[in-house]
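Residue numbers (this note's numbering), protein chains in the order written: chain A, 320 to 540; chain B, 47 to 249.
One structure is given here, and the rest of the page talks about it.
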Amino acid sequence: MSTTPTDVIDHLAGIRPGSSLDRLRDQRPQARENAQKSYLALFEPEVPGTVTALERYALATFVAGLHRQPHVGDFYAASLQTLGHPRLSEIIDAEIARGAVEGPYGRYPEGPHSVEDKDGPVYRVSADNRESLGARLSAGLEHAHLLVFHPRDANPAALQALLDAGWSTTDIVTLSQLVAFLSFQIRVVAGLRALAGASAVESTDTEYTQIFTGVLASGAV
Amino acid sequence: MTETTLSHPDNREPVAFTQDELGWLPWLEPFPADQLTERHWAGLVDASRAKSPYFLLLARDPDVLQARTKTDKDIFYNTRDGLPRAERELAATATSRSNGCIFCASVHSRFATQYSKRGADIQRLLDEGVEADIDPRWNAIVEASVALTDTPIAFGERQIGALRNAGLDDGEIIDVINGAAFFNWANRLMLSLGEPTPPAAKQ
Numbered sequence: 320m321s322t323t324p325t326d327v328i329d330h331l332a333g334i335r336p337g338s339s340l341d342r343l344r345d346q347r348p349q350a351r352e353n354a355q356k357s358y359l360a361l362f363e364p365e366v367p368g369t370v371t372a373l374e375r376y377a378l379a380t381f382v383a384g385l386h387r388q389p390h391v392g393d394f395y396a397a398s399l400q401t402l403g404h405p406r407l408s409e410i411i412d413a414e415i416a417r418g419a420v421e422g423p424y425g426r427y428p429e430g431p432h433s434v435e436d437k438d439g440p441v442y443r444v445s446a447d448n449r450e451s452l453g454a455r456l457s458a459g460l461e462h463a464h465l466l467v468f469h470p471r472d473a474n475p476a477a478l479q480a481l482l483d484a485g486w487s488t489t490d491i492v493t494l495s496q497l498v499a500f501l502s503f504q505i506r507v508v509a510g511l512r513a514l515a516g517a518s519a520v521e522s523t524d525t526e527y528t529q530i531f532t533g534v535l536a537s538g539a540v
Numbered sequence: 047m048t049e050t051t052l053s054h055p056d057n058r059e060p061v062a063f064t065q066d067e068l069g070w071l072p073w074l075e076p077f078p079a080d081q082l083t084e085r086h087w088a089g090l091v092d093a094s095r096a097k098s099p100y101f102l103l104l105a106r107d108p109d110v111l112q113a114r115t116k117t118d119k120d121i122f123y124n125t126r127d128g129l130p131r132a133e134r135e136l137a138a139t140a141t142s143r144s145n146g147c148i149f150c151a152s153v154h155s156r157f158a159t160q161y162s163k164r165g166a167d168i169q170r171l172l173d174e175g176v177e178a179d180i181d182p183r184w185n186a187i188v189e190a191s192v193a194l195t196d197t198p199i200a201f202g203e204r205q206i207g208a209l210r211n212a213g214l215d216d217g218e219i220i221d222v223i224n225g226a227a228f229f230n231w232a233n234r235l236m237l238s239l240g241e242p243t244p245p246a247a248k249q
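Written as structure tokens, this is what we have:
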């Protein structure tokens with residue numbers, strides 16, 4: 320896709336070429352390059368397999384929405400919308416609202432850490448939307464919610480539910496990587512944005528502060 | 047082949063965080079080792095990983111696995127500058143402790159101890175949890191990792207201020223962010239695709 324940013328994390332974090340954060344990110348060049356390659360492998364795969372682009376973007380929009388990171392959410396929602404299913408975007412938004420809780424929660428194997436068990440909901444797609452989404456995508460969203468908020472509650476039954484809904488073993492690996500990768504990408508973006516914000520207040524790097532303030536003023540962040 | 051989950055009724059899953067060397071059993075069939083193609087070997091990055099059921103399972107999507115592994119290596123092993131190895135492993139351990147990944151915490155607490163020689167402090171983090179009071183610098187790294195692990199993300203000016211007060215510069219803070227963020231990737235795979243097994247000697 321010609322619209323794909325050269326570096327999605329920089330794009331979402333509002334990092335401009337030549338800024339101090341740009342230079343600092345360059346100290347981990349392999350990490351930077353391969354975070355981008357991970358994004359491409361998941362969203363523009365050379366060997367697409369049997370997980371569709373629609374499923375990938377619907378899941379990403381849902382995961383970003385659950386993290387309440389609007390910049391990331393809007394980015395994936397825009398791709399979902401271009402795939403031509405306006406109703407689907409509305410359904411995903413409604414399911415984000417239904418599924419929004421706070422994590423991590425869940426249970427430990429019975430033992431010394433059981434006192435730290437923290438209850439939380441097991442999310443299920445609403446009955447009406449389950450029909451519109453179909454069994455396969457509904458099961459995908461339910462699994463994504465488990466991975467986002469309470470991965471320590473995962474068990475073989477959760478994977479069996481995916482197999483029963485039509486996800487193959489290989490599809491489940493892709494789905495798991497997609498949700499897990501986004502959990503990483505969204506945190507890097509949020510962390511870098513926070514650091515950029517803190518730098519603007521405290522940094523003596525006036526050149527960078529001016530660039531960052533300019534970015535804020537232009538609305539490009 | 048009918049695709050079903052794998053079960054391990056005889057496994058006695060470890061119930062406590064530990065620095066011991068644990069094993070791991072998959073809940074889904076790994077990619078068959080005798081059918082690996084060039085693309086799969088590239089995905090595994092290190093040929094020795096073909097012996098690991100975890101990496102063979104992830105090799106079902108080799109391109110993602112390859113990029114994931116190279117991201118991991120640069121974040122944790124590229125120590126020409128930035129945060130010392132021990133403290134990157136501390137961020138990984140705190141994240142795994144917060145998410146509840148007993149397997150990941152075992153591996154990375156062991157590394158944190160190896161590089162810091164502070165096994166007792168690391169053990170307190172495992173036993174008492176992320177609230178354990180260690181020292182201002184480690185507390186700041188643990189708190190930042192935990193705040194990044196929360197959903198919604200709670201990391202912000204407070205954590206950055208604490209890291210700076212503890213002497214970390216922005217490059218080192220990025221290492222904390224990368225380390226904690228990466229373990230939010232790794233924990234979710236380890237926790238959801240299989241289960242840990244007890245240390246070999248105790249099996």
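Glycine residues also receive a C-beta, built at the ideal position from the N, C-alpha and C atoms.
{"query": "Give every residue of the same chain whose Cβ lies closer than 7 Å to the Cβ of residue 142 of chain B, excluding the five residues on either side of it in the sequence, and list them in chain order.", "result": "150, 151, 154, 229 and 233"}
{"query": "Give, in chain order, every unbroken run of the alpha helix (DSSP H) that is at least 4 residues long and sits entirely within the region 68 to 133 of chain B.", "result": "84 to 90, 99 to 104 and 108 to 123"}
{"query": "With a CB to CB cut of under 6 Å and the five nearest residues on each side skipped, what residues in its chain are close to residue 200 of chain B?", "result": "193"}
{"query": "Can you tell me where the beta strand (DSSP E) holding residue 242 of chain B begins and where it ends?", "result": "240 to 243"}
{"query": "For residue 74 of chain B, return the contacting residues in chain A, with the cut-off set at a CB-CB distance below 7 Å.", "result": "478, 488 and 491"}
{"query": "Applying a beta-carbon distance threshold of less than 9 Å, which residues of chain B neighbour residue 468 of chain A?", "result": "197"}
{"query": "CB-CB under 7 Å to residue 463 of chain A, same chain, minus the five flanking residues each way: which ones, in chain order?", "result": "378, 381, 382 and 498"}
{"query": "Could you list which residues in chain A have their beta carbon closer than 8 Å to that of residue 114 of chain B, in chain order?", "result": "353, 357, 496 and 500"}
{"query": "At a Cβ cut of 9 Å, what residues of the region 358 to 369 of chain A count as close to chain B, listed as they run along the chain?", "result": "358, 359, 360, 361, 364, 365, 366 and 368"}
{"query": "With a threshold of 7 Å between beta carbons, is residue 90 of chain B in contact with chain A?", "result": "no"}
{"query": "Measure the beta-carbon distance from residue 373 of chain A to residue 402 of chain A and round it to whole angstroms, keeping in mind my assumption that it falls under 8 Å.", "result": "5 Å"}
{"query": "Which same chain residues end up closer than 6 Å to residue 327 of chain A when comparing Cβ atoms and leaving out the 5 residues on each side of it in sequence?", "result": "358"}
{"query": "Given that a residue counts as buried once 16 or more other Cβ atoms are within 10 Å of its Cβ, and exposed if not, what is residue 395 of chain A?", "result": "buried"}
{"query": "Given residue 440 of chain A, which residues of its chain have a CB within under 7 Å of its CB, disregarding the five upstream and five downstream residues?", "result": "420"}
{"query": "Have a look at residue 427 of chain A and residue 59 of chain B and give me their C-alpha separation to the nearest angstrom.", "result": "11 Å"}
{"query": "Taking 7 Å as the limit between beta carbons, can you name the residues of its chain near residue 437 of chain A, skipping five residues before and five after?", "result": "424 and 425"}
{"query": "Could you please give the first and the last residue of the uninterrupted alpha helix (DSSP H) stretch that includes residue 393 of chain A?", "result": "389 to 401"}
{"query": "State the beta-bridge partners of residue 197 of chain B as determined by DSSP.", "result": "A/422"}
{"query": "Quick one, are the C-beta atoms of residue 467 of chain A and residue 197 of chain B less than 7 Å apart?", "result": "yes"}
{"query": "Under 7 Å between C-beta atoms, does residue 390 of chain A make it to chain B?", "result": "no"}
{"query": "At the level of alpha carbons, what is the spacing between residue 354 of chain A and residue 347 of chain A?", "result": "11 Å"}
{"query": "Quick one: what's got a C-beta closer than 8 Å to residue 99 of chain B's C-beta in the same chain, skipping five residues either side?", "result": "70, 71, 72, 76 and 240"}
{"query": "For a quick check, are the C-beta atoms of residue 222 of chain B and residue 88 of chain B less than 7 Å apart?", "result": "no"}
{"query": "Which chain A residues are close to residue 226 of chain B, counting only those with a beta carbon under 9 Å from its beta carbon?", "result": "506 and 510"}
{"query": "If we define contact as Cβ-Cβ less than 7 Å, is residue 202 of chain B a contact residue for chain A?", "result": "yes"}
{"query": "Report back the beta-carbon spacing between residue 460 of chain A and residue 334 of chain A to the nearest angstrom; my notes put them in contact at under 8 Å.", "result": "With a Cβ gap of about 31 Å, residue 460 of chain A and residue 334 of chain A do not count as contacting."}
{"query": "On the premise that residue 225 of chain B lies in contact with residue 134 of chain B, defined as a C-beta separation below 8 Å, what is that separation, rounded to the nearest angstrom?", "result": "5 Å"}
{"query": "Could you tell me whether the region 200 to 209 of chain B touches the region 160 to 175 of chain B, using the rule of 3 or more Cβ pairs below 8 Å?", "result": "no"}
{"query": "Just how far apart, CA to CA, sit residue 55 of chain B and residue 473 of chain A?", "result": "16 Å"}
{"query": "If we ignore side chains and look at the alpha-carbon of each, how far apart do residue 505 of chain A and residue 165 of chain B end up?", "result": "32 Å"}
{"query": "Can you find a C-beta in chain B that's less than 7 Å from the C-beta of residue 321 of chain A?", "result": "Unreliable placement is indicated for residue 321 of chain A, whose pLDDT of 45 sits below 50; no coordinate value is reported for it."}
{"query": "State the Cα-Cα distance for the pair residue 514 of chain A and residue 210 of chain B, rounded to the nearest angstrom.", "result": "11 Å"}
{"query": "Identify each residue in the region 165 to 188 of chain B for which the Cβ-Cβ distance to at least one residue of chain E is less than 9 Å, and report them in chain order.", "result": "Chain labels in this structure do not include chain E; the protein chains are A and B."}
{"query": "Determine the chain A residues that contact residue 231 of chain B at a beta-carbon separation under 7 Å, and present them in chain order.", "result": "499, 500, 502 and 503"}
{"query": "The alpha helix (DSSP H) spanning residue 380 of chain A covers which residue range?", "result": "372 to 385"}
{"query": "Since I believe residue 496 of chain A is in contact with residue 107 of chain B (beta carbons under 8 Å), could you give me their beta-carbon distance rounded to a whole number of angstroms?", "result": "6 Å"}
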